[in-house]
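Please read the structure below before turning to the comments.
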Amino acid sequence: MIKYRLVYFDARGHAELIRFIFAYVGQEYEDFRIKETEWPSFKNRTLFGKLPVLEISDDIQSIQLAQSLSIVRYLSSIFCIAGNSDLDKARADMITEQLSDILEIFYDIKSEKNLQLRAEKESYFYKETLPFYSSMLERLFEIQKTNFVAANTLTYADLAFVVFWDSFGEKKKHFFEVCVICKAYYDHVNNLPEITEWKKKRPISNI
Ligand SMILES: N[C@@H](CCC(=O)N[C@@H](CS)C(=O)NCC(=O)O)C(=O)O
């Protein structure tokens, strides 16, 4: 039997989409959250010195995968939520990469040590960056007219979409007033029983 162990810090960050996939497809795994103090000695045991890594083992061997979005694509392919056609797969990939690019900007701001500078950058992000990208997403969805963000069936991009908007907490509501298709896609997947259950039971975290 194949066993999965996801190693990450006690945070959502780059691992939460992987946890969403496991929750959505109902696959058991070990959600191993390493302490910051344990990280220096663990770092050299990872492929590229970064987390998350996914350890996949069976009776014969244990292998490790790194890079969160590669792990996402691998699991999505195994659990059949990568998209049915090549075009659906490309769209799921495109949207997830785009959301990830925006989140990287956001994580960079969050890690700014100078508090005043962080506040200024955060204000710019919510006034300019996020409105720009959310209107682009809304326009894409208007053109595409699909039932889900990337296709007419649910793909991992829908899970990425919920993880993405949740990163902005209550502030997302303001964007959803204008981006009504984004809100509908978000609500639909956010209200799925597998997702609400995971959100109820996951550890409390603001990052
Ligand atoms: N592109 C990588 C980024 C991974 C990454 O930056 N991981 C951070 C935590 S979010 C990390 O391992 N930091 C610890 C370190 O660099 O020593 C991915 O998506 O997996």
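Read in the UniProt record's numbering, the sequence shown has 64 at position 64, and its numbers run on one by one without any break. By construction, the Cβ of each residue, glycine as well, lies at the ideal position given by its N, Cα and C atoms.
Item checked: Alpha-carbon spacing of I195 relative to R19, whole angstroms -> 10 Å
Note to self: Between which two residues does the beta strand (DSSP E) holding K3 run?
What the structure shows: 3–9
Next item on the list: State buried or exposed for L130, treating a residue as buried only when at least 16 other CB atoms are found within 10 Å of its CB.
Entry: buried
Note to self: Looking at the strands, I want to know which residues DSSP matches up with A66.
What the structure shows: V53
Next item on the list: Could you tell me which residues DSSP pairs with R33 in its beta bridges?
Entry: Per DSSP, the beta bridge partners of R33 are Y8.
Checklist line | For L99, the nearest candidate out of A150, L65, N84, K127 (CA to CA) | finding: A150
Check: From I81, D58, K89, P52, pick the residue whose C-alpha is nearest to that of I71; which is it?
Finding: Closest by alpha carbon: P52.
Check: Is any heavy atom of ligand 1 found at a distance shorter than 7 Å from the C-beta of P52?
Finding: Ligand 1 has a heavy atom closer than 7 Å to the beta-carbon of P52.
Next item on the list: Starting from the Cα of L140, find the closest Cα among H14, I95, P40 and give me that residue.
Entry: I95
Check: Hey, would you say the C-beta of S111 is under 7 Å away from at least one heavy atom of ligand 1?
Finding: Distances from the CB of S111 to the heavy atoms of ligand 1 are all 7 Å or more.
Next item on the list: Inspect the beta-carbon positions of F161 and Y126 and report whether they are closer than 8 Å.
Entry: no
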